[in-house]
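Per the UniProt record's numbering, the very first residue in the sequence shown carries number 1; after that it's consecutive. All remarks here apply to the structure that follows.
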Amino acid sequence: MKMKLSLISAAMLSASLLITPAVSMAKMPIAVNGQQLPTLAPMLEQITPGVVSIQVSGSKEIRRRADPLDFFFGNPQPRSQKREFSGLGSGVIIDAKEGYVVTNNHVVQDAEKMLVTLEDGREYEATKIGSDKESDIALLKIDAEDLVAVKLANSDQLRVGDFAVAIGNPFGLSHTVTSGIVSALGRSGLNIEGYEDFIQTDAAINQGNSGGALVNLNGELIGINTAILGASGGNVGIGFAIPSNMMKNLVDQIIEHGEVRRGSLGISGRPLDAGLAKAQQLDVKQGAYVMQVMDDSAASEAGIKAGDVIISIDGSEISGFHELRSKIATLGEGKKVKLGIYRDGKVQTVKVTLDGAAALTAAGDELHPAFQGATLENTQKNGNKGVEVTTVDPRSPAARVGLEEGDVVMQVNRQRVETISDMNKIIENTKGNIVLGVQRGRESVFVLIQ
Numbered sequence: 001m002k003m004k005l006s007l008i009s010a011a012m013l014s015a016s017l018l019i020t021p022a023v024s025m026a027k028m029p030i031a032v033n034g035q036q037l038p039t040l041a042p043m044l045e046q047i048t049p050g051v052v053s054i055q056v057s058g059s060k061e062i063r064r065r066a067d068p069l070d071f072f073f074g075n076p077q078p079r080s081q082k083r084e085f086s087g088l089g090s091g092v093i094i095d096a097k098e099g100y101v102v103t104n105n106h107v108v109q110d111a112e113k114m115l116v117t118l119e120d121g122r123e124y125e126a127t128k129i130g131s132d133k134e135s136d137i138a139l140l141k142i143d144a145e146d147l148v149a150v151k152l153a154n155s156d157q158l159r160v161g162d163f164a165v166a167i168g169n170p171f172g173l174s175h176t177v178t179s180g181i182v183s184a185l186g187r188s189g190l191n192i193e194g195y196e197d198f199i200q201t202d203a204a205i206n207q208g209n210s211g212g213a214l215v216n217l218n219g220e221l222i223g224i225n226t227a228i229l230g231a232s233g234g235n236v237g238i239g240f241a242i243p244s245n246m247m248k249n250l251v252d253q254i255i256e257h258g259e260v261r262r263g264s265l266g267i268s269g270r271p272l273d274a275g276l277a278k279a280q281q282l283d284v285k286q287g288a289y290v291m292q293v294m295d296d297s298a299a300s301e302a303g304i305k306a307g308d309v310i311i312s313i314d315g316s317e318i319s320g321f322h323e324l325r326s327k328i329a330t331l332g333e334g335k336k337v338k339l340g341i342y343r344d345g346k347v348q349t350v351k352v353t354l355d356g357a358a359a360l361t362a363a364g365d366e367l368h369p370a371f372q373g374a375t376l377e378n379t380q381k382n383g384n385k386g387v388e389v390t391t392v393d394p395r396s397p398a399a400r401v402g403l404e405e406g407d408v409v410m411q412v413n414r415q416r417v418e419t420i421s422d423m424n425k426i427i428e429n430t431k432g433n434i435v436l437g438v439q440r441g442r443e444s445v446f447v448l449i450q
């Protein structure tokens, strides 16, 4: 059976739930032979008030292609219509004084009304402070007293095998708790989000858990539950969460600036694998291999060179280029970081002040709906500047129009482009078809967008 990745908000949930009557049971003993039985109950009693249910409603514009017969009646353009929606997800209170609640962007995207329900049954309408689609984080605010916040852990200190507990509202079943372990760290390349650095866990996660808490045995937040891998969108023991450190970096930027201002090193590269390490005679097992350093970038200012292998960020090891890209982007513009660099058989540390990435990277649909599912990045190859398609979801509109990972856009409607900003200006002023001039390997191809 084919497996698929699914975001886990229970949007437009309409499944009937069969609830069986409670069975009266004798009270379980708290000790056997004088030994206290292990339980998570005391920890959960402290933190479950910090996990909330989020109900959303609103309307969104649904675009569909025009019927071919419309051409005969002079209306060949795609038509759209408004469609009402409702959904259900979870959230975590991270600041009791300010009333800040963090959740997934996909839970509250397009929502016109957001209702937060606390564990004690109190309900409050929430206001969105800001969100970031590419990392799937949103920050809400409620005006309420006597809130309980969940303390944040340092997710960079997680190890595979650490115990993990997921709390959320799967299928509308409030404050459901499941447990497991951290199955893997630094998961990326899943095409769920633009910036991926997931914690993988086998704690049971289902629809409606989106935005809920993944905590350690101390009751500290280690991640925000986001996605599941399953044959039918259900739990099969493979769930993914956004690390708490990544979430905090994004939320701090939203609070300070009202938006996420991504950081950038100004390099292109690839994951280090065994073949590359052997060919380059590198005595390291993993990291991000630097293939190019852009002029006047943060990396060039710090002295990073092509051929270097970046192996850590602020003392935490990285597994590859995707993890490096995600962590740098979410750390934010102006952030000072220490990078561990392997060069000429030695490990050294360099200090870098990150550039802003507002004009360096973009989600495709920020430029045009046809680019949805693609990530674009300014690049420079063989002295020629252009806009590289760094990722493409194979099921996305971007893939359907013919964009491929590694394409470099050099022209838009026969006008030369060197940056995302150049592309955006031309597209904004274009009515009708768009033709991209693309460098694909050694070939030049054209991509038509109608």
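For each residue, glycine too, the CB sits at the ideal point set by N, CA and C. Values in this document were obtained by computation on a predicted structure and should not be read as measured data.
- Shown here, VAL177 sits in a strand according to DSSP, grouped into three states.
- Relative to the Cα of LYS338, the nearest Cα in the group ASP296, GLY89, LEU354 and GLY402 belongs to LEU354.
- Per DSSP, the beta-bridge partners of ASP132 are ILE137.
- Taking THR103 as reference, the option from LYS97, LYS128, GLY58 and TYR124 with the minimal CA-CA separation is LYS128.
- In the structure shown, the three-state DSSP call for VAL251 is helix.
- Taking a C-beta distance under 7 Å as the contact criterion, VAL392 and ALA370 do not qualify as a contact pair.
- According to the DSSP assignment, VAL108 belongs to no beta strand (DSSP E) but to the alpha helix (DSSP H) extending over 105-108.
- Listed in chain order, the non-local C-beta contacts of MET43 below 6 Å within the same chain comprise GLY219, local neighbours out to five positions each way being set aside.
- Contact between the region 165-179 and the region 301-312 is absent, with fewer than three C-beta pairs closer than 8 Å.
- Excluding residues up to 5 positions away in sequence, SER90, GLY91, VAL92, ILE93, VAL101, VAL116, THR117, LEU118 and GLU119 lie with their Cβ nearer than 8 Å to the Cβ of VAL52 in the same chain.
- The continuous alpha helix (DSSP H) containing ASN424 extends over residues 420-428.
- If you draw a straight line from the Cα of GLN292 to the Cα of LYS381, it is about 8 Å long.
- Within the same chain, ASP132, SER135, ILE137, VAL260 and THR330 come within 7 Å of LEU250 by CB-CB distance, once the 5 residues on both sides are set aside.
- With at least 16 other beta carbons inside 10 angstroms of its own, ARG187 counts as buried.
- The DSSP assignment places 336-343, 346-353 and 361-363 as complete runs of the beta strand (DSSP E) inside the region 327-376, in order along the chain (cut-off: 3 residues).
- Counting along the chain, LEU276 sits inside the alpha helix (DSSP H) bounded by residues 274-279.
- When the beta-carbon positions are compared, ASN245 and ASP156 come within less than 7 Å of each other.
- Listed in chain order, the non-local C-beta contacts of GLY58 below 7 Å within the same chain comprise PHE85, ASP110, ALA111, GLU112 and LYS113, local neighbours out to five positions each way being set aside.
- As DSSP reads the structure, SER264 sits in a beta bridge with ASP355.
- In the DSSP annotation of this structure, the continuous segment of the alpha helix (DSSP H) that includes PRO42 starts and ends at 41-47.
- Taking the Cβ atoms as the reference, SER326 lies roughly 4 Å from ASP197, within the contact range of under 8 Å.
- In the three-state reduction of the DSSP assignment, LEU324 falls in the helix class.
- Distance from the CA of TYR342 to the CA of TYR289, rounded to the nearest whole angstrom, comes to 10 Å.
- When the five nearest sequence neighbours on each side are left out, the beta carbons in the same chain lying within less than 6 Å of the beta carbon of HIS322 are those of SER188 and GLY189, in order along the chain.
- In this structure GLY364 is buried. Its beta-carbon is surrounded by 16 or more other beta-carbon atoms within 10 angstroms.
- The DSSP-derived three-state label of ASP156 is helix.
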